[in-house]
Structures are given as C-alpha cells and as structure tokens.
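Okay, so here's the structure we're looking at.
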Amino acid sequence: MIYAVTGAHGFIGHYVCRYLTENGSTVLAPNSTEWRLGHPLPAACDQADVIIHLACSLLKAGSDRDAMADLDYTGTACLLEQHRQLRQQGKRGRFIFISSQSAGPGAVNDYGRSKWAIEGLVTGKDEIIVRPGLVYSGTGGSVFGVLEKLARQPVIPTPNAPPNIQPIDVKELAEALARIARHTTPDHKYNLGRTEPLTFTQTVRAIAARSARRAPVCIPVPEQIIRLAGKGVDMLLHPTPSILERIDGLLALRAMETGPSLEHLGMTLRDFTGMMA
Numbered sequence: 003m004i005y006a007v008t009g010a011h012g013f014i015g016h017y018v019c020r021y022l023t024e025n026g027s028t029v030l031a032p033n034s035t036e037w038r039l040g041h042p043l044p045a046a047c048d049q050a051d052v053i054i055h056l057a058c059s060l061l062k063a064g065s066d067r068d069a070m071a072d073l074d075y076t077g078t079a080c081l082l083e084q085h086r087q088l089r090q091q092g093k094r095g096r097f098i099f100i101s102s103q104s105a106g107p108g109a110v111n112d113y114g115r116s117k118w119a120i121e122g123l124v125t126g127k128d129e130i131i132v133r134p135g136l137v138y139s140g141t142g143g144s145v146f147g148v149l150e151k152l153a154r155q156p157v158i159p160t161p162n163a164p165p166n167i168q169p170i171d172v173k174e175l176a177e178a179l180a181r182i183a184r185h186t187t188p189d190h191k192y193n194l195g196r197t198e199p200l201t202f203t204q205t206v207r208a209i210a211a212r213s214a215r216r217a218p219v220c221i222p223v224p225e226q227i228i229r230l231a232g233k234g235v236d237m238l239l240h241p242t243p244s245i246l247e248r249i250d251g252l253l254a255l256r257a258m259e260t261g262p263s264l265e266h267l268g269m270t271l272r273d274f275t276g277m278m279a
C-alpha cells in the first residue's frame with residue numbers, strides 16, 4: 003500500500019513512517035518545502051491509498067493559538083476536500099485523522115477543543131477518527147516526556163483526578179493505524195489505549211520504575227494549586243505548548259472504552275505497568 007503521512011517528522015509521525023516502511027509499504031511524507039497545512043497535498047500524494055493526518059499547528063503555537071486552531075480546522079477541511087475528489091475518481095481509499103483522548107464537547111484545553119471541532123468534519127465513507135490515549139516510547143516525547151521528567155523528582159504534587167490515563171506504545175499505535183488502513187470493514191472511530199485507566203500517581207510511579215528509579219513521593223494537591231503552578235512556569239519560561247495547556251488536558255481527560263476498538267483490530271497492548279517494572 004501507499005500512504006501519505008502529514009506531520010511525518012513529529013513524534014508519532016516518525017514512528018508511523020518507520021513502521022509502515024519496515025513492513026513493506028511506500029510512504030509519502032511531504033516536508034515543509036513541499037507542503038504546508040492549509041494547502042492541498044502535492045500531486046505526488048495523489049497516488050496514496052491512505053492519508054494519515056497527523057499534522058497539527060496548535061502543538062507549535064505560541065501566543066496566537068486561536069489562529070493556529072483555525073489553521074488546523076481549515077487545513078483539515080482542505081485535505082478532506084482533496085481526498086473526496088480523488089475518491090470520486092477512484093484514486094483514493096481512506097482518510098485517517100488522529101484526534102485525541104482529550105477531544106470532546108466539554109474539552110477544557112485548546113488542543114481538545116480543536117480536535118473535537120475537526121472530528122465534526124470527518125464524516126464521509128472511509129473517513130476514520132482515531133483517539134489515542136497517552137502515547138509513549140522508549141525515548142520520551144510529547145506529554146510522556148513531561149511525565150518522565152516529573153518521575154525523576156523525589157517529591158511531586160499530584161492531582162486528585164480519577165483514573166483516566168490510558169497509555170499506548172507509539173509502535174503499537176503505528177501498527178493499529180496500519181490495521182485500520184487494511185481492515186475490510188473499519189469502524190468510523192477507534193479509541194486506543196490501555197483498557198484499565200491509571201491514575202496520575204500510578205502512571206508516574208510506573209515511569210520511574212522503568213529506569214529502576216525509586217518512585218517519587220506523590221503528595222495530593224488540589225487541582226487549582228497545580229494549575230497555578232503551571233501558569234507560573236508559563237509566565238517565566240514561555241514554553242511551547244504551554245505547561246498549563248498540557249495540565250488542563252491531563253486533568254480533564256475522561257476514560258475511554260478501548261476494549262471494543264482493540265478487539266476489532268485483533269490487538270492486545272503490552273501491559274504498561276508490567277513493562278515499566
């Protein structure tokens with residue numbers, strides 16, 4: 003099969019492209035000199051059987067977050083229009099949009115609200131939404147990288163949030179995307195991650211065990227205090243994306259029912275806590 007992957011040079015995109023290539027597929031990964039979000043994919047991508055859409059401007063946004071969210075929305079709409087035209091000509095199979103566990107009508111962070119809005123565009127035949135949980139790898143990356151840094155500390159504040167963290171290895175996510183692309187009767191939406199959600203404390207302790215470190219002492223702290231601390235870090239360091247954006251995303255997660263999606267794909271995920279021990 004031939005895949006076109008947007009956001010191919012990001013954390014997830016890198017692993018997805020490598021997995022597909024190693025398993026005999028052809029991957030078209032337009033770089034920034036060939037294509038930018040908001041424009042149709044270059045003509046070379048017209049031959050792709052499947053589009054895997056990972057590109058996201060909001061992840062790199064600084065102050066003008068509304069404009070970047072709008073670009074993600076209109077940019078995805080542009081890709082879908084191109085995809086639908088090619089389907090009518092018999093040149094395209096599926097469009098797979100990578101959303102987020104944080105997506106939903108009640109999302110409290112920009113990322114979750116943006117992904118939810120874009121999901122509303124993905125409505126056509128063989129247009130598929132994938133919501134992964136916490137994506138992790140052996141080399142950190144993304145939100146998991148932030149949690150790894152926290153797990154190195156002797157004492158950390160932890161929110162009293164319910165169990166809502168559902169990890170999935172980035173390689174397993176790549177495999178799942180390949181199975182969705184090849185499935186004869188794919189579902190419209192897939193929730194992918196650990197079937198039994200973990201608390202923040204369980205997650206951080208499992209990450210510490212991965213490097214044979216002593217688990218940090220986790221002190222329960224009201225969510226408001228954690229958000230204030232994140233806001234203070236943002237004011238001092240101006241990280242992109244903001245720490246508060248990531249905190250809000252984690253605190254507001256709602257547990258997903260992932261069992262049916264994994265069963266439909268014939269997959270069983272590695273045990274995150276056992277692997278880390």
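At position 19 of the sequence shown (counting the first as 1) the number is 21 in the working numbering, and the numbers step up by one without a gap.
We treat Cβ as the ideally placed atom computed from N, Cα and C, and that holds for glycine.
- DSSP, read as helix, strand or coil, puts Thr-8 in strand.
- Distance check between Thr-205 and each of Thr-187, Ala-10, Gly-147, Glu-24 places Gly-147 closest, using alpha-carbon atoms only.
- Going by beta carbons, Arg-196 and Pro-169 fall inside the 8 Å limit.
- An exposed status is given to Ala-45, since fewer than 16 other beta-carbon atoms sit within 10 Å of its beta-carbon.
- For Glu-129, the enclosing beta strand (DSSP E) starts and ends at 129-134.
- Approximately 16 Å separates the beta-carbon atoms of Asp-171 and Tyr-192; this is outside 8 Å, ruling out the contact.
- The continuous beta strand (DSSP E) containing Val-219 extends over residues 219-223.
- Between Gly-251 and Gly-114 a beta carbon distance of about 6 Å is seen, short of the 8 Å cut, so the two are scored as contacting.
- For Val-18, the enclosing alpha helix (DSSP H) starts and ends at 13-24.
- According to the DSSP assignment, Arg-86 belongs to no beta strand (DSSP E) but to the alpha helix (DSSP H) extending over 67-90.
- Its Cα nearest to that of Asn-162, the residue Glu-225 stands out among Glu-225, Arg-181, Ala-50, Arg-229.
- In the DSSP annotation of this structure, the continuous segment of the alpha helix (DSSP H) that includes His-266 starts and ends at 261-267.
- Under the DSSP definition of a beta bridge, Tyr-138 partners with Asp-171.
- By the Cβ neighbour-count rule, Val-132 is buried, with 16 or more other Cβ atoms within 10 Å of its own.
- Beta-bridge annotation (DSSP): His-55 is paired with Thr-8, Phe-99.
- A distance below 6 Å between beta-carbons, with the five flanking residues on each side excluded, links Trp-118 to the following residues of its chain, in chain order: Ala-105, Gly-106, Ala-109.
- Val-29: not part of any alpha helix (DSSP H); member of the beta strand (DSSP E) spanning 28-30, first to last residue.
- Residue pairing by DSSP places Tyr-192 opposite Val-132 in a beta bridge.
- In chain order, Asn-193 place their CB closer than 7 Å to the CB of Glu-259, counting only its own chain and leaving out the 5 sequence neighbours on each side.
- With contacts defined by Cβ atoms closer than 8 Å, Leu-56 and Ile-100 form a contacting pair.
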